[in-house]
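Remember, my numbering sits 5 above the position in the sequence shown when you count from 1. Think of the CB as a built atom: it goes at the ideal place given N, C-alpha and C, for glycine as much as any other residue. In this text the structure is predicted, and so the values were computed from the model without any measurement. Notes for the one structure printed next.
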Amino acid sequence: MPRVVHPQQVNIVKVKEPQDAKTLKGKKVFHTTKYILAQSPTGFTVYEIKTLGNNLIKTITSAILLSTEQETQIAELPKIDPTQKTEVIKAAIKHLKKDTKAIVFKSKFEHIGIALFESPNTIIGIIDITPPKPAKLEDQVQYAKKQQYVRKDTIFKIKIIDILNETTQTKPPIIFPCSATTEREFLFLDTDADKITPLKDPVLVVGCPITFETVKELNPKIKMKKIDICPAHIARKETTSNDFQIVRCCRASTQGTQIYSPKTNLIIALQWEPTIEEFLEAIYLGTLIKKHPKYPQF
6 MPRVVHPQQV NIVKVKEPQD AKTLKGKKVF HTTKYILAQS PTGFTVYEIK TLGNNLIKTI
66 TSAILLSTEQ ETQIAELPKI DPTQKTEVIK AAIKHLKKDT KAIVFKSKFE HIGIALFESP
126 NTIIGIIDIT PPKPAKLEDQ VQYAKKQQYV RKDTIFKIKI IDILNETTQT KPPIIFPCSA
186 TTEREFLFLD TDADKITPLK DPVLVVGCPI TFETVKELNP KIKMKKIDIC PAHIARKETT
246 SNDFQIVRCC RASTQGTQIY SPKTNLIIAL QWEPTIEEFL EAIYLGTLIK KHPKYPQF
């Protein structure tokens, strides 16, 4: 994203001059606080914090710098509900300057929140598969650009793989993970589990490790030839220059957003049907991990 921070997660601390993140360690904050706005006479510095404690007041254990005073702008958004994230983005992005990374906004109900943006000139790799068409992430890229949810200088490098072209085998049985529009005779895990269980002939399975595991659960003795079309695995082999990559992943659908290879070839893996908010969050998350490889643990 823009990542839009709910005002309840923001604590304003007045300081005489800009603070170093280390100086926040040990300070007491309200239990909902996740972000600190250090307000000096010349502006705001934005930090994300970790806290410890089980009571209403917690202790800051660590902090990372998200935006310096020079990278932080202030916006008046008096008619915007701060919980309406996409509306905040559309209003806040108009206040972006070349090097802005954060917009501190004053909104409806006298709340103060933060909208955090990807770094300027971010290059994001998108790897997705079809069918169905259009590919989910490709569609979200186009929507985000049309709605002006991302910076104008953010670049998306998109690679779409048609999984129907990954096999030339025409003789069944061929198993795919999800139903696809095709005239070819396939079995699909989501609709044909009862047909897979009694199979005795060797099968070709086009999918990912979860697909292979599921077929084996349905039919423990089945003999499989495997074609791995997991977007996260394809992204690991990608040689195009990107700041990070965003893909969809079945494992993320069961375990939440996954982060792979943060120090070498950063990949953000989203659930199979991500919302536009989750997609936009992944954009900011990639920027953040690129700068702080130990995030989210820090």
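The region 157-177 makes no contact with the region 193-202, as fewer than three CB pairs between them are under 8 Å. The Cβ atoms of residue 282 and residue 90 sit closer than 8 Å to each other. Beta-bridge partners of residue 119 (DSSP): 10 and 109. Its chain contains 241 and 272 as the residues whose beta carbon lies nearer than 8 Å to that of residue 266, once the 5 sequence neighbours on both sides are disregarded; these appear in chain order.
One alpha carbon belongs to residue 300, the other to residue 268, and they sit about 11 Å apart.
DSSP places residue 35 inside the beta strand (DSSP E), whose first and last residues are 33-35.
If you keep only unbroken alpha helix (DSSP H) runs of at least 4 residues inside the region 245-299, you get 255-260 and 281-296. Residue 74 sits away from residue 7, with the two beta carbons spaced by 8 Å or more. With respect to the C-alpha of residue 167, the residue from 177, 156, 178 and 185 having the closest C-alpha is 185. In its chain, beyond the 5 residues on either side, 223 have a beta carbon closer than 8 Å to the beta carbon of residue 198. Between the C-alpha atoms of residue 72 and residue 78 there is a straight-line separation of about 10 Å.
Taking C-beta separations shorter than 7 Å and ignoring five residues to either side along the sequence, the partners of residue 153 in its chain run 95 and 98, following chain order.
Look at residue 24 here: in three-state DSSP terms it is coil, with no helix or strand label.
Under the criterion of beta carbons closer than 8 Å, residue 126 and residue 104 do not qualify as touching, at roughly 11 Å. Residue pairing from DSSP leaves residue 59 without any beta-bridge partner.
A residue is called buried once 16 or more other Cβ atoms fall within 10 Å of its Cβ, and residue 280, having fewer, is exposed.
Here residue 137 is exposed. Its C-beta has fewer than 16 other C-beta atoms within 10 Å. Under the 8 Å Cβ criterion, the region 56-71 does not count as touching the region 81-89, having fewer than three qualifying pairs. Taking C-alpha positions only, residue 228 is separated from residue 189 by approximately 21 Å. Within 10 angstroms of the beta-carbon of residue 106 lie 16 or more other beta-carbons, which makes it buried. In this structure, 131 is the residue among 131, 16 and 54 with its C-alpha nearest to the C-alpha of residue 285.
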